[in-house]
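Going from the sequence shown to my numbering is simple: count from 1 and add 27. Notes for the one structure printed next.
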Amino acid sequence: MGRPATGGGLLLIQVVPKAPLMHDLLLNQGGQVSSFNFASNQDIMQNGTAKAVICHSKKLEDVIKETSLQIKPHDDKIKFLEGQKNMLDDSILDLEGIVSFFQVN
Numbered sequence: 028m029g030r031p032a033t034g035g036g037l038l039l040i041q042v043v044p045k046a047p048l049m050h051d052l053l054l055n056q057g058g059q060v061s062s063f064n065f066a067s068n069q070d071i072m073q074n075g076t077a078k079a080v081i082c083h084s085k086k087l088e089d090v091i092k093e094t095s096l097q098i099k100p101h102d103d104k105i106k107f108l109e110g111q112k113n114m115l116d117d118s119i120l121d122l123e124g125i126v127s128f129f130q131v132n
């Protein structure tokens, strides 16, 4: 700004236009750092870490699902074989009963 110009008893002030000031989100109205906004910026920085953790967790979940899909057929075979074993055990018991019946007679 220049010196105020006087003209006939009037005080004239020269106004020089400046670029508009941008509002800083970190500053509150008093010019102090706003702890709320500062904390939210920290959350944004930590949000990247949180996204990485979430992404890693999703990858682990996918691995678990894939592994369970590989295990399921084996589990089904085990259940089938256990059923077959139980049927054979029952047949053996029946045959032992028949053999013991004929041995007594």
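In this text, a Cβ means the ideal position worked out from N, Cα and C, and glycines have one as well.
Environment of residue i [buried if 16+ CB atoms lie within 10 Å]
{"i": "residue 122", "result": "exposed"}
{"i": "residue 65", "result": "The pLDDT assigned to residue 65 is 48, lower than 50, so where the model puts this residue is not dependable; a value taken from the coordinates is nonetheless given after this. It is exposed - the Cβ of residue 65 has fewer than 16 other Cβ atoms within 10 Å."}
{"i": "residue 48", "result": "Since pLDDT at residue 48 reaches only 48, below the 50 mark, its modelled position is unreliable, and no value is offered."}
Neighbourhood of residue i by C-beta, 8 angstroms cutoff - its chain only, sequence neighbours within 5 removed
{"i": "residue 82", "result": "none"}
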